[in-house]
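Enquirer: Mind having a look at this structure? Questions to follow.
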Amino acid sequence: MNLTLHIWRQKDARTKGKFVIYKVENVHEEMSFLEMLDILNEQLIAKNEDPVAFDHDCREGICGCCSLYINGRAHGPKRGITVCQLHMRHFKDGDSIWIEPWRARPFPVLKDLIVDRAPLDRIMQAGGYISARIGSAQDANTILIDHDTAESSMDAAACIGCGACVASCKNASAMLFVAAKVSHLGQLPQGKLEREKRVLAMIAQMDKEGFGGCTNTKACEAECPKEIKITHIARLNREFLRASVV
Amino acid sequence: MGWFIRTFYSSIGKKLIMALTGLFLCSFLSVHLMGNFQLFKNDGGAAFNHYSEFMSTNPLIRILEIGMVIGFALHIFDGIRLWLLNRSARPVGYAKNDAAANSTFFSRTMIYSGGIVFVFLAVHLKSFFVEHRVLGSELTMYQSVVQAFHDPVYSLFYVAALVLLGFHLNHGFQSAFQTLGMNHKKYTPLIKFLGLMFSILIPLGYATMPLYFLLTK
Ligand code: FES
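Line by line, the protein sequences give chains A and B. Numbering-wise (my numbering), the first sequence opens with residue 83 and increments by one. Numbering-wise (my numbering), the second sequence opens with residue 2 and increments by one.
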């Protein structure tokens, strides 16, 4: 298939960017979206032009690097997948595709489609860890966790930190990201010890970075490639209230 | 005191204020509606006048009134503050944004539906509160109501604002419970159902009043 791409090009964080139109031909429907961009970049390199910069690493949906806003949706039109898992069979010959970087004040564009997601790392540094000494690795099942709690914690742990929640939220809120981390660690016996300190520190850092507040539109839940639910945000709110008031 | 300020200054705290005041205002909506239904009693407004006299003189109601004013003020100021903050979190927008694919229209337009309800509130207070309690109108409250709703423009403005109130409640009611940390597969479907009913029945109940007086008197 032949496609017309409208891609955001921006030299660096200080320069103003703009959309540039590219044509790519003979795109195979079995290609992934990133492979389609690889083809475009090969063409650009052959013409001695600057290739389009975009984030990617594992290309199997687990690292959270890829981060494109495609035709108005974080990670493109399909639910529950990252861009690297999006295949060209979901597009048609002759389609126009708009490709933009994540947009949020805390995520400045570094180049083209790459944004700086360090604010998410700083939120993790503020409290997204367990510092209690739990000794060396123990036998399995010495610390008992009931099945439902383990499942719920595991659902939250699926977060790959890609930032699609921030990108798709009309308020550029990082609440689903923070909720996933707080919910993941705070439900387990090892993480429970620091639950109050953790939630307060992570929320304080989240606010400091300049993310917006959650207004429960649920856009994050719909666009999260790991389909993390806003029930975790409700838990975050509870944890915050508990740590603040109780 | 420090923890208190810190709590309500944080992004979650601001939302807690929205949720708590929002639910409080929902209770006001229910009580106000029930009282107003006395307009339909076929006694030339005697019961309604008696009720409005009671509401404006009873000391307990007067104290609750202060709470209501604070509730409105907090909800409005905090809402605007949150909106400005949230807007500033994305200075450069998307060229293409398919928001309808991931969220409801009502959830994205709270500031607009709320803004129109606020304009309505100002007009409403001018017509009934200011006229009677401040300027000391000659008319009884019932006569004021009949007179006001006789004007089709005024009545239709009420109906239009009530539709927007319904939009606001559609998202607001169930959203408040999520903010308060209440989201569970056991009771959330019930909250959503109640929220939907509330957002339809309350504005509908209120709309019967301008329509009744417009069409019959
Ligand atoms: S490249 Fe790793 S998740 Fe897409």
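The beta-carbon is built from N, C-alpha and C at its ideal position, and this holds for glycine as well.
Would you grab the beta carbon distance between A/S250 and A/A156 for me? Rounded to a whole angstrom, and I think it's under 8 Å.
Expert: That pair is a contact at about 4 Å.
Enquirer: Quick check: what's the CA-CA separation for B/Y113 versus A/M83?
Expert: Distance between the alpha carbons of B/Y113 and A/M83 is about 43 Å.
Enquirer: By DSSP, does B/W84 sit in helix, in strand, or in coil?
Expert: It is helical.
Enquirer: Counting only C-beta atoms, is B/T209 closer than 8 Å to chain A at any point?
Expert: No, B/T209 lies away from the interface with chain A (no Cβ there is under 8 Å from its Cβ).
Enquirer: When you measure from the CB of A/V260 to every non-hydrogen atom of the ligand FES, does any distance come out below 7 Å?
Expert: No, the ligand FES has no heavy atom inside 7 Å of this Cβ.
Enquirer: In chain B, what lies closer than 8 Å to A/I285 by C-beta?
Expert: The answer, in chain order, is S11, S12, I13.
Enquirer: Extract the residue ranges of the alpha helix (DSSP H) inside the region 30-71 of chain B, only unbroken runs of 4 or more that lie entirely within it.
Expert: Entirely contained in the region 30-71 of chain B, the alpha helix (DSSP H) runs reaching 4 residues are, in chain order, 47-58.
Enquirer: For a test of your reading of the model: does the CB of A/H138 fall under 7 Å from any non-hydrogen atom of the ligand FES? Yes or no.
Expert: At least one heavy atom of the ligand FES is nearer than 7 Å to the Cβ of A/H138, so yes.
Enquirer: In its own chain, which residues sit with a C-beta less than 6 Å from the C-beta of B/I192, not counting the 5 before and 5 after it?
Expert: Counting only Cβ-Cβ distances below 6 Å, and skipping sequence neighbours, we find Q175, F178.
Enquirer: In chain order, what residues of the same chain lie with their CB nearer than 8 Å to the CB of A/G154, ignoring the 5 residues before and after it?
Expert: For A/G154, where only same-chain residues beyond five positions count, the Cβ hits under 8 Å are W180.
Enquirer: For a quick check, are the C-beta atoms of A/M284 and A/A208 less than 8 Å apart?
Expert: Closer than 8 Å, so yes.
Enquirer: Figure out for me which residue from B/H185, B/G72, B/A162 has the closest Cα to the Cα of B/S28.
Expert: It is B/G72 whose Cα lies nearest to the Cα of B/S28.
Enquirer: Going by the DSSP bridge assignment, what does A/I196 pair with across the sheet?
Expert: Answer is A/K193, bridged to A/I196.
Enquirer: Along chain A, in chain order, which residues have C-beta atoms closer than 7 Å to that of B/V93?
Expert: Neighbours of B/V93 on chain A, chain order: R185.
Enquirer: For A/G295 and A/E276, I'd like the C-alpha separation in whole angstroms.
Expert: So the alpha carbons of these two residues sit roughly 24 Å apart.
Enquirer: Considering only the beta carbon of each residue, do A/L168 and A/G176 sit closer than 8 Å?
Expert: Not a contact, by the Cβ cut-off of 8 Å.
Enquirer: Buried or exposed: where does A/I127 fall if 16 or more other Cβ atoms within 10 Å of its Cβ makes it buried?
Expert: The residue in question, A/I127, is exposed, as its Cβ has fewer than 16 Cβ neighbours within 10 Å.
Enquirer: Using a cut-off of 9 Å between C-beta atoms, extract the partners of B/L21 located in chain A.
Expert: Within 9 Å Cβ-Cβ: nothing; B/L21 doesn't reach chain A, min ~11 Å.
Enquirer: My parser needs the alpha helix (DSSP H) runs of 4 or more residues fully inside the region 142-220 of chain A; what are they?
Expert: Runs of the alpha helix (DSSP H) inside the region 142-220 of chain A: 200-209.
Enquirer: Alpha carbon to alpha carbon, how far is B/M19 from B/P204?
Expert: Computed Cα separation, rounded: 20 Å.
Enquirer: Please report the Cβ distance between A/S213 and A/C166, rounded to the nearest whole angstrom; I am assuming they are in contact, meaning their Cβ atoms lie under 8 Å.
Expert: Between A/C166 and A/S213 the Cβ distance is about 33 Å, and since that is not below 8 Å, they are no contact.
Enquirer: When you compare the CB positions of A/K193 and A/K93, do they come within less than 8 Å of one another, or not?
Expert: In contact: A/K193 and A/K93 (Cβ atoms closer than 8 Å).
Enquirer: B/D99 touches chain A at which residues, Cβ-Cβ below 7 Å?
Expert: What B/D99 touches in chain A: N153, G154, R155.
Enquirer: Is the beta carbon of A/C247 within less than 7 Å of some heavy atom of the ligand FES?
Expert: Result no, Cβ not under 7 Å from the ligand FES.
Enquirer: Determine, for A/D289, whether the minimum Cβ-Cβ distance to residues of chain B falls below 8 Å.
Expert: Chain B contact via Cβ: present.
Enquirer: Looking at B/L163: is its Cβ nearer than 8 Å to the Cβ of B/A90?
Expert: In this structure, B/A90 does not lie closer than 8 Å to B/L163 by Cβ.
Enquirer: What are the residues of the region 290-302 of chain A that lie near chain B, defined by any Cβ-Cβ distance shorter than 9 Å?
Expert: Of all residues in the region 290-302 of chain A, G292, F293, G294, G295, C296, T297, N298, T299, K300, A301, C302 have a Cβ within less than 9 Å of some Cβ in chain B.
Enquirer: In three-state DSSP terms, what is A/T97?
Expert: Three-state result, A/T97: coil.
Enquirer: Identify, in the order they occur along the chain, each residue of the same chain with its Cβ nearer than 8 Å to the Cβ of B/V118, setting aside the five sequence neighbours on each side.
Expert: So the list reads A162, L165, L166, H169, once near-sequence residues are dropped.
Enquirer: Grab me the residues of B/T180's own chain with a C-beta within less than 6 Å of its C-beta, minus the 5 sequence neighbours each way, in chain order.
Expert: Excluding sequence neighbours, B/T180 sits near K16, A20.
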